[in-house]
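Residue numbering for the sequence shown follows numbering that gives the first Met the number 0, beginning at 0 and increasing consecutively. Even glycine gets a Cβ: it sits at the ideal position worked out from N, Cα and C.
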Amino acid sequence: MRVLLIGSGGREHALAWKLSKSPLLSRLDWAPGNGGLEPPAAAVPIPAENVQALAAYARETRPDLVVVGPEAPLALGLSDRLQADGIAVFGPSRGAARLESSKRFAKEFCLRHGIPAGGHWAFTEVGAARAWLDAYTGAFPLVLKADGLAAGKGVLICEDAAQAREALAAIMERREFGEAGDALVVEEFLEGEEASLLAFCDGTRAVLMPAARDHKRALDGDRGPNTGGMGAYCPSNHVGTELQGEVLRTIVLPALRGMASEGHPYRGVLYAGLMLTRSGPKVLEFNCRFGDPETQAVLPRLASDLLPILAGCARGELSPAAVEWARTACVTVVLCSGGYPGPYAKDKEIRGVEEAATVPGVVVFHAGTRREKDRLLTAGGRVLDVTALGHDLRTARSRAYEAAARIRFEGVQYRRDIAGRP
Ligand code: AMP
Ligand code: GLY
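This is the structure:
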């Protein structure tokens with residue numbers, strides 16, 4: 000099979016790595032790729048947001064399957080265009096991707112279909128939002144969210160009314176998250192453990208992946224600003240078989256049925272970001288694609304061939320029996336540029352990646368890297384995802400940290416407490 004993979008992060012490198020192991024793969028085009036790209040993958044220099052050029056490239060080359068990594072091209076309707084051209088695509092239509100691209104849509108969808116989530120209020124007028132806030136006498140914290148896509152940044156947890164007014168101004172008046180702030184969603188604050196549950200979906204069927212946990216805050220002990228993700232591990236010890244069953248029954252399958260009944264059959268990964276509250280799992284957010292960096296900690300545990308699973312989802316014929324997991328644990332530590340998530344320098348030379356990969360069970364996925372002749376350079380905030388498998392989390396974690404210590408570039412920083420303190 001000829002596959003076109005779209006995206007440029009660590010998630011996509013993990014997808015490329017796993018797809019490259021498939022005996023069914025005859026060609027892997029990767030647009031645009033990153034410094035981790037190596038044969039059999041071939042680079043296609045089109046950025047993930049250029050849906051027009053991607054659709055034209057696919058029309059010309061007729062891949063057997065297009066695998067879309069990030070949310071932006073899905074929200075821009077790439078999947079719809081490819082389907083209109085008769086090209087199989089793993090990744091939901093624009094209508095189905097609204098579960099991620101509009102937080103307001105997602106909240107109302109949960110209400111329509113009886114899916115457990117925290118209470119919410121939504122506003123499109125800044126005046127109405129301010130008046131509501133002035134009259135609010137309920138509990139804090141409150142969570143204020145920009146409605147649209149904001150690269151994980153448009154979520155502000157407010158401890159009191161003054162912080163909430165400031166968050167409202169940042170989102171709706173100063174437009175710090177751009178168009179994402181056209182509407183505002185205010186949410187009840189949920190307490191508990193977080194978990195990421197991802198499911199392969201083919202429109203009607205869903206197969207859950209083992210639960211993962213990511214670490215969004217920049218500093219050890221979950222302090223500091225939010226980031227795109229500083230590390231992840233799988234499985235999450237907070238989600239046993241019974242809870243998995245409950246999430247499938249009360250969240251994932253109702254979401255699939257709801258999407259189908261609203262005319263947007265859901266094909267791709269449905270990512271449920273959950274809070275495990277005292278009254279059961281509740282949806283914090285839906286994403287319409289694989290998580291980053293969860294994917295890097297989940298896919299290495301997949302014992303089956305990924306390609307027929309993705310193709311099955313795209314064609315509406317996912318076979319649950321084709322999805323098997325190894326009884327291992329996996330930990331991913333994200334190596335970042337100094338200063339991230341604030342401003343950071345690029346083009347620092349990276350050394351030690353091969354040496355790191357000699358630690359047993361380790362694979363190093365590239366995120367923000369690029370190659371220049373035979374040098375490997377930093378090209379983003381999140382640079383490398385050092386991933387290790389082990390028979391348990393403890394082993395996986397110590398291997399990941401042993402490997403991370405072998406990698407050097409100026410300013411390198413990473414959390415020391417991914418999957419618990421080593
Ligand atoms: P989101 O991008 O919507 O997942 O939000 C980012 C992070 O903010 C989540 O991983 C949670 O840690 C936190 N968060 C979002 N919504 C809530 C909520 N309603 N209650 C508590 N924490 C939340
Ligand atoms: N790890 C969170 C996300 O992918 O959105």
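**OP:** Output the residue ranges of the alpha helix (DSSP H) runs that lie fully inside the stretch 280-356 and measure 4 residues or longer, sorted by chain position.
**Re:** The stretch 280-356 contains these whole alpha helix (DSSP H) runs: 293-297, 305-314 and 352-355.
Original post:
Alpha carbon to alpha carbon, how far is R1 from E187?
Top reply: Distance between the alpha carbons of R1 and E187: 46 Å.
Original post:
Curious, which full-length alpha helix (DSSP H) runs of at least 4 residues does the stretch 43-76 contain?
Top reply: Counting only runs of 4 or more, we get 50-60 and 70-74.
**OP:** Take Q162 as the anchor and find which of G113, F139, T357 and H263 has the nearest alpha-carbon.
**Re:** Looking at G113, F139, T357 and H263, the one whose alpha-carbon comes closest to that of Q162 is F139.
Subject >> Where G367 falls: helix, strand or coil (DSSP) >> reply: Looking at G367 - three-state DSSP - the assignment turns out to be coil, as it is neither helix nor strand.
Subject >> Touching by the beta-carbon criterion (3+ pairs, under 8 Å), the stretch 27-40 and the stretch 363-371 >> reply: Under the Cβ criterion (8 Å, minimum of three pairs), the stretch 27-40 counts as touching the stretch 363-371.
Original post:
Do the stretch 178-193 and the stretch 144-158 touch if we need at least three Cβ pairs shorter than 8 Å?
Top reply: Under the three-pair Cβ rule at 8 Å, the stretch 178-193 counts as touching the stretch 144-158.
Subject >> Straight-line Cα distance separating A105 from W131 >> reply: In this structure, the CA atom of W131 is about 21 Å from the CA atom of A105.
Original post:
Does the separation of the CB atoms of R314 and R407 fall below 8 Å?
Top reply: In this structure, R407 does not lie closer than 8 Å to R314 by Cβ.
Original post:
Excluding five sequence neighbours on each side, which residues of the same chain lie with their C-beta closer than 8 Å to the C-beta of D63?
Top reply: A distance below 8 Å between beta-carbons, with the five flanking residues on each side excluded, links D63 to the following residues of its chain, in chain order: M0, R1, V2, A87 and A310.
**OP:** Give the range of the beta strand (DSSP E) segment to which K215 is assigned.
**Re:** For K215, there is no enclosing beta strand (DSSP E), as DSSP marks it with neither H nor E.
Subject >> Reduced DSSP category for G6 - H, G, I as helix; E, B as strand; rest coil >> reply: Strand.
Original post:
How big is the Cα-Cα spacing for P421 and V332?
Top reply: Residue confidence is low: P421 scores 43 on pLDDT, short of 50, so the model does not pin down where it sits. Its coordinate-derived value is still stated next. The C-alpha of V332 is placed about 12 Å away from the C-alpha of P421.
**OP:** Give the DSSP-derived three-state secondary structure of V411 in the structure shown.
**Re:** In the structure shown, V411 adopts coil according to DSSP, grouped into three states.
**OP:** Let me know the secondary structure DSSP gives P264 once reduced to three states.
**Re:** If DSSP states are grouped into helix, strand and coil, P264 belongs with coil.
Subject >> Residue closest to A95, alpha-carbon to alpha-carbon, out of G85, F108, D346 and A83 >> reply: Nearest C-alpha to A95: F108.
Subject >> Among S78, T60 and A217, the one whose alpha carbon lies nearest that of V66 >> reply: It is S78.
Original post:
Just to confirm, does G228 get its C-beta within under 7 Å of one of the non-hydrogen atoms of the ligand GLY?
Top reply: Yes.
**OP:** Identify, in the order they occur along the chain, each residue of the same chain with its Cβ nearer than 7 Å to the Cβ of E178, setting aside the five sequence neighbours on each side.
**Re:** Within the same chain, and ignoring the five residues on either side of E178 in sequence, the residues whose Cβ sits closer than 7 Å to its Cβ are G147.
Original post:
Thinking C-alpha only, which one of H214, L273 and L306 is nearest I189?
Top reply: The sequence shown places Leu at residue 189, rather than the Ile named in the question. Considering only H214, L273 and L306, the residue with the shortest C-alpha distance to L189 is L273.
**OP:** Return the first residue and the last residue of the alpha helix (DSSP H) that E245 is part of.
**Re:** From DSSP, the alpha helix (DSSP H) with E245 extends over T240 to V246.
Subject >> For C109: DSSP bridge partner residues >> reply: According to DSSP, which records beta bridges pairwise, C109 is partnered with nothing at all.
**OP:** Examine the ligand AMP and report whether any of its heavy atoms sits within less than 7 Å of the Cβ of I349.
**Re:** Distance from the C-beta of I349 to the nearest heavy atom of the ligand AMP is not below 7 Å.
**OP:** Count the other C-beta atoms from every protein chain shown that fall within 10 angstroms of the C-beta of T226, then say buried if there are 16 or more, exposed otherwise.
**Re:** Burial call: buried.
Subject >> Separation of D219 from A231, as counted between CA atoms >> reply: Taking the straight line joining both Cα atoms gives about 13 Å.
**OP:** For L392, I'd like the list of residues in its chain whose CB is within less than 7 Å of its CB, leaving aside the five on either flank, ordered along the chain.
**Re:** The residues are Y232, A328, V330 and A418.
Subject >> CB contact flag (V206, A198, <8 Å) >> reply: A198 is positioned such that its CB atom lies closer than 8 Å to that of V206.
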